[in-house]
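Read through the structure below, which is laid out as structure tokens, and then see the notes.
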Amino acid sequence: MNIPEPRGPISAGVCALLTGDPGADPSALVALHARVTERVAVVEDLIDDDVQLALFCLYELHYGGLAGVDDRWEWHPGLIGIRQLLEEPFEAWLRSEAGVLTDSVRRPAGTPGSDATAALLFELAARDGGPSVSRHVAKKANAEQLSEFLIHKSLYQLKEADPHTWAIPRLAGPAKAALVEIQADEYGGGRPERMHSAMFARTMRGLGLKDSYGGYVDVVPAITLASVNMMSLFGLNRRLRGAIAGHLAMYEMTSSRPNQLYGNGFRRLGFDAAVTGYFDEHVEADAVHEQIAGRDLAGGLVEAEPDLLEDVLFGAAAASCIDARFAALLLEAWENGRSSLRPLVPATT
Amino acid sequence: MNEIPLHPANASLVLCPDGPILVRGDFDVVMPSGEPAPRQRKTVALCRCGASAIKPYCDGTHKMINFRTEPPDVQGRGTSERPN
Ligand code: FES
Ligand SMILES: [Fe+2]
Ligand SMILES: [Fe+2]
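Take a look at the structure:
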């Protein structure tokens, strides 16, 4: 993908740095470090365009990379240091947001077995009480809103499953086998055209949208960036392997029914199976995945490493908090007849 | 590393509490006519609550109809933690 349009001093600094040679300008790195330290100290709401875009660019170096950026930047220690300056407050913010949900979960006495961990996660998933994007899509959304919905989702769905794949070598035994089993299905079971990312790309093309990864990064708001950054944070840090397992379980457990409704919304506006195939696939696939993710992945991980229960719950609750905030933004905009996207020519000052 | 129990059969069925039957391994899903059921994945979840819209597969509807696989007093595996 191309380097995005900066949204403030941090992302401008990161983008400028990345266009140069790694190590060519140590003073620029030092200056950026100071600038980031200063900025994050005063940012209260971490769902901030500048912070989230900078993090997104830094994480992207570990995925498909950014066009024109030297691949050696990926592991440049100075840049990793900047990433950590941004990750730390983001993680702290996620923990405090998620705390409201996780505090109310009644933990079983002793180390929970895999069925008990799955039951805790299913309970957490069932609490989802926020406004529902899927109901709106099913019943009310117009064609423009369907496109917007796909644009938001494209930031993750065009690389669907990738952030959780980071966890595979960090797990062992039944939890690892479970994650590989889910991921194999996400990646099409050996059929490239059945990769969920490829199926999503087909859906986008069906609506006349461009399907190149990150093609819409400049128009998505901070919350959309944050939802992907959260997964990268959990996936790329081995210490957060509990959180990435909990995150995947929550995603799988809140998927079948919404995807049925999404499919209905697109059918309502006359789109055929080429467009709805992605959603139809998830109705069936995620009814399988939620069982594996809850019991074998998260449950298996907690059986092997009981101390990770709290992080499993954190990852699940964080996913649900970010999702609720995304839904609120989307529905608030749509109910007021506005677009939920940023204007194409950004007025960043 | 903990020893993982071996399943000698070619396929295994997992009876998911309050949910579907997860089938893994080497098996065919066939309709009463003998026709193979449409199948997109290796591991499948067979609906056992009867409410799925994509039978024979599960679509998660069991959660919305409060499907229970055990009588209430037997649910001692963490499920009893649920508010009633
Ligand atoms: S068992 Fe899941 S829908 Fe019937
Ligand atoms: Fe998927
Ligand atoms: Fe899935």
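Protein chains in written order, with the working numbering: chain S, 1 to 349; chain Y, 1001 to 1084.
A virtual CB, placed ideally from N, CA and C, is assigned to each residue, including glycine.
For residue 10 of chain S against residue 42 of chain S, the beta-carbon gap comes to about 12 Å, at or over 8 Å, which does not count as contact.
Inter-residue distance for residue 166 of chain S and residue 105 of chain S is about 28 Å (C-alpha atoms, whole angstroms).
Cα atoms of residue 72 of chain S and residue 57 of chain S: separation of roughly 14 Å, rounded to the nearest angstrom.
When C-beta atoms of the stretch 1053-1071 of chain Y are compared with those of the stretch 1002-1021 of chain Y, three or more pairs fall below 8 Å, so the two segments count as touching.
Taking the Cβ of residue 181 of chain S as the reference point, every heavy atom of ligand 3 lies at 8 Å or farther away.
With a cutoff of 9 Å on beta-carbon distance, residue 87 of chain S and residue 55 of chain S are scored as near each other. Listed along the chain, the chain S residues whose CB falls inside 8 Å of the CB of residue 1022 of chain Y are 288, 291, 292. Under DSSP, residue 312 of chain S forms no beta bridge with any residue.
Remark: the C-beta of residue 1059 of chain Y is in contact range of ligand 1, defined as less than 8 Å to any heavy atom. Any heavy atom of ligand 2 counts here; residues with a Cβ closer than 5 Å to one of them, in chain order, are S/186, S/196. For residue 48 of chain S, the shortest C-beta to heavy atom distance toward ligand 3 is 8 Å or greater. Taking the Cβ of residue 103 of chain S as the reference point, every heavy atom of ligand 3 lies at 8 Å or farther away. Not a single C-beta of chain Y is nearer than 9 Å to the C-beta of residue 208 of chain S. Within the stretch 1013-1060 of chain Y, no run of alpha helix (DSSP H) at least 4 residues long lies entirely inside it. With fewer than 16 other Cβ atoms from the protein chains shown falling within 10 Å of its own Cβ, residue 1004 of chain Y counts as exposed.
Separation of residue 312 of chain S and residue 193 of chain S (C-alpha to C-alpha, rounded to the nearest whole angstrom) is 32 Å. Cβ-Cβ separation between residue 178 of chain S and residue 249 of chain S: approximately 10 Å, too far for a contact (criterion under 8 Å). In the same chain as residue 316 of chain S, and ignoring 5 residues on each side of it, the C-beta atoms closer than 7 Å to its own belong to 121, 124, 246, 247, 249, 250, in chain order. Around residue 47 of chain S, the same chain offers 222, 223, 226 as residues with beta carbons nearer than 6 Å, after the five sequence neighbours per side are excluded.
Nearest CB-CB separation between residue 260 of chain S and chain Y: below the 9 Å threshold. Of all residues in the stretch 172-190 of chain S, those with a C-beta nearer than 8 Å to a C-beta of chain Y are 172, 173, 174, 181, 184, 185, 189, reading in chain order. In the DSSP annotation of this structure, the continuous segment of the alpha helix (DSSP H) that includes residue 266 of chain S starts and ends at 256-268. If you check the CB distance, residue 4 of chain S and residue 53 of chain S come in under 9 Å.
Residues of chain Y with a Cβ closer than 8 Å to the Cβ of residue 133 of chain S do not exist; the shortest Cβ-Cβ separation is about 17 Å. Within the model, the alpha-carbon separation for residue 337 of chain S versus residue 256 of chain S is close to 28 Å. For the pair residue 342 of chain S and residue 228 of chain S, the CB atoms are not nearer than the 9 Å cut-off.
Per DSSP, residue 143 of chain S has no beta-bridge partner at all.
Contact between residue 35 of chain S and residue 13 of chain S is confirmed by a C-beta separation of about 6 Å, below the 8 Å threshold.
Within chain Y, the residues whose beta carbon sits less than 7 Å from that of residue 283 of chain S are 1054, 1059, listed in sequence order.
In its chain, beyond the 5 residues on either side, 265 have a beta carbon closer than 6 Å to the beta carbon of residue 141 of chain S. Burial check for residue 1007 of chain Y: the Cβ neighbour count within 10 Å stays below 16, so the residue is exposed. For residue 1044 of chain Y, the neighbours in chain S by C-beta distance under 7 Å run, in chain order, 288.
Going by DSSP, residue 278 of chain S is part of the alpha helix (DSSP H) stretching over 273-291. Secondary structure of residue 161 of chain S (DSSP, three-state): coil. Counting C-beta pairs closer than 8 Å gives three or more between the stretch 1051-1058 of chain Y and the stretch 276-295 of chain S, which meets the contact rule. Ranked by how close their Cα comes to the Cα of residue 1066 of chain Y, the residues S/45, S/126, S/85 have S/126 in first place.
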